[in-house]
Amino acid sequence: MTALIPHWVDGARFDGTSGRTGDVTNPATGAVSGRVAFADAGDADRVIASAAAAARGWAETSLTKRTQIVFAFRELLNARKSELAAIITAEHGKVLDDALGEVTRGLEVVEFACGMPHLVKGAYSEGVSTGVDVHSKRQPLGVVGIISPFNFPAMVPMWFFPVAIAAGNTVVLKPSEKDPSAAVWIAELWKEAGLPDGVFNVLQGDKVAVDAVLDSPEVKAVSFVGSTPIARYVYERASQSGKRVQALGGAKNHMVVLPDADLDLAADQAVSAGFGSAGERCMAISVVVAVGGIGDELVAKIADRTRTLAVGDGTRGSDMGPLVTKAHRDKVASYVEAGEAAGAKVVVDGRDVQPDGGAEGFWLGPTLFDHVDVDSSIYTDEIFGPVLSVVRTETYDEAVELINANPYGNGVALFTSNGGAARKFEHDIEVGMIGINVPIPVPMAYYSFGGWKNSLFGDSHAHGIEGVHFFTRGKVITSRWGDPAVKPVGGLELAFPKNS
Ligand code: NAD
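Be aware that the sequence shown starts at 1, since it is given in full-length UniProt numbering, and climbs by one per residue.
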């Protein structure tokens, strides 16, 4: 009998009453390691009610006190981040060092949120008219829902909840059912940091739990991250009931390599960004665009490096771990078959991998395709696995045209030694996050993270000042206070006021 991974409500574990559960596996062994509770509507109501009951008290808690608790959470998380990394590796499969990197990037958002007193400061204009002043303030929304994907079970929720909580909201987090334990560990850490019960809650489950969050009148805003079809669905359904929604979707990220680039650097970065976390990153590079006759040399360098990668259990010092589930592994492998059938050249074949891990693990080695046709499914679809495609263009303009025609617009990279080309690229390209000689341009916490086109529905990106604005509402107050020593001038004035 495997352990039940529960919901978290009113500051305590809650097994739920639905009787529904889902299996959680260790991808490196294939063994079922736990069962996660799947909420029904009643469980969801209970969790959301906990957040709603805590909302007023938390919003009225002073900014100083709220920030102190977020800071205490930061200290605990920093001290114990290796525990969280181990939980991530056990359920997601990514190698430990990568899991630690994920926690560290999330921690940066916690640190950003510790500056909330500065971030929610309003403006004040004295004397806009005679005796009239104007000031602005930002206030929390109430209960906010966060629905997260499997690929970053700690970092993606941390893009949102530190900002939401520091700004005075209460949270219902619906993690991925594939790796749900990180969320419960985080909830326990919040309690230890002194967060009042009900401010941070976890609702486990599948579509039933998601729909309950989307439809609940108590939930005022939804931050979603996941695949594009579900992001679109979440955006449409939640905004129908008047909620504020940011829904970050899938990606197909290109890396353009110009003939003047350092090809060794470009090859290193293509391999790191293509195969890190087994390609299960929304900012992974999945297409290398070799411009102007460098294709053969670049592909040879990428292939040499790809062949050195050690694939295995993430706890054993491997470079790359397994895929998250057997179903996902099989889906990615089917793309490898499809790419070969479509005539692309298989330069490195991940199907031949000899992993250092369990025989039943969800293994697929890094796969490199060359001469990929842009009409084939390995180019058109988000594969979300360790499959890197190389396409070739004659010119810079063709490369930009290809990328701008792509329905996704999450991340892109340019490798060049020409500053003028880099400057032109960052102007021309229709993508939200751009790296120049940097392959995975994930913005720092004090900037905002988000793509364009089918990679984001809604208009607010995550964290940074856009995140603060997403989780707060603005008010502007215009007030008139005359000098007590001067008798006010009264009288009726029905015309629209002309300031003087
Ligand atoms: P997913 O869309 O399958 O699931 C995301 C969340 O939605 C999960 O919590 C899941 O339980 C829920 N969900 C799944 N199906 C649903 C349905 N039919 N109705 C309602 N809710 C549903 O995504 P995933 O496989 O967990 O994650 C991988 C995807 O996330 C990739 O497409 C990746 O590009 C994307 N992603 C995007 C970003 C970004 O910043 N743009 C970041 C990370 C991941």
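Note that the Cβ used here is the ideal one computed from N, Cα and C, for glycine as well.
On a predicted model such as this, the values are computed, not experimentally measured, just so you know.
Query                                                                                                               : Result
Span of the beta strand (DSSP E), counted from its first residue to its last, around residue 415                    : 411 to 415
Contact under 8 Å by Cβ, residue 458 with residue 233                                                               : no
Pairwise C-alpha distance: residue 388 and residue 304                                                              : 14 Å
Opening and closing residue of the alpha helix (DSSP H) in which residue 302 lies                                   : 295 to 307
Proximal residues to residue 451 (C-beta, below 6 Å), its chain only, five neighbours per side dropped              : 409, 410, 432
Any non-hydrogen atom of the ligand NAD closer than 7 Å to residue 465 Cβ                                           : no
Uninterrupted beta strand (DSSP E) stretches inside the segment 420 to 469 (no shorter than 3 residues)             : 433 to 436
Close Cβ partners of residue 97 (< 7 Å) along its chain, the five nearest in sequence each way excluded             : none
Residue 457 CB to nearest heavy atom of the ligand NAD below 7 Å                                                    : no
Check: residue 251 C-beta below 7 Å from any heavy atom of the ligand NAD                                           : yes
Any non-hydrogen atom of the ligand NAD closer than 7 Å to residue 171 Cβ                                           : no
Cβ-based neighbour list, residue 161, same chain, cut-off 7 Å, excluding 5 preceding and 5 following                : 146, 171, 173, 200
Proximity winner among 359, 445, 332, 267, relative to residue 349 (alpha-carbon distances)                         : 332
Residue 63 CB to nearest heavy atom of the ligand NAD below 7 Å                                                     : no
Continuous alpha helix (DSSP H) assignments of at least 4 residues falling wholly in the segment 132 to 203         : 155 to 166, 181 to 193
Residue 425 versus 440, 403, 473, 444, residue with shortest Cα-Cα distance                                         : 403
Status (buried if at least 16 other CB within 10 Å, exposed otherwise) for residue 460                              : buried
Cβ-based neighbour list, residue 355, same chain, cut-off 6 Å, excluding 5 preceding and 5 following                : 311, 312, 363
Exposure of residue 302, with buried meaning 16 or more beta-carbon neighbours within 10 Å                          : buried
8 Å Cβ cutoff met for residue 376 and residue 435                                                                   : no
Bounding residues of the alpha helix (DSSP H) (the contiguous stretch that carries residue 60)                      : 41 to 60
Other residues of its chain near residue 59: CB distance less than 8 Å, five sequence neighbours each side excluded : 139, 140, 142, 168, 169
Any non-hydrogen atom of the ligand NAD closer than 7 Å to residue 152 Cβ                                           : yes
Nearest candidate by alpha-carbon position, reference residue 104, set 417, 484, 469, 445                           : 445
Same chain only: Cβ atoms within 7 Å of residue 180, ignoring 5 sequence neighbours per side                        : 5, 24, 36, 204
Touching by the beta-carbon criterion (3+ pairs, under 8 Å), the segment 284 to 303 and the segment 460 to 476      : no
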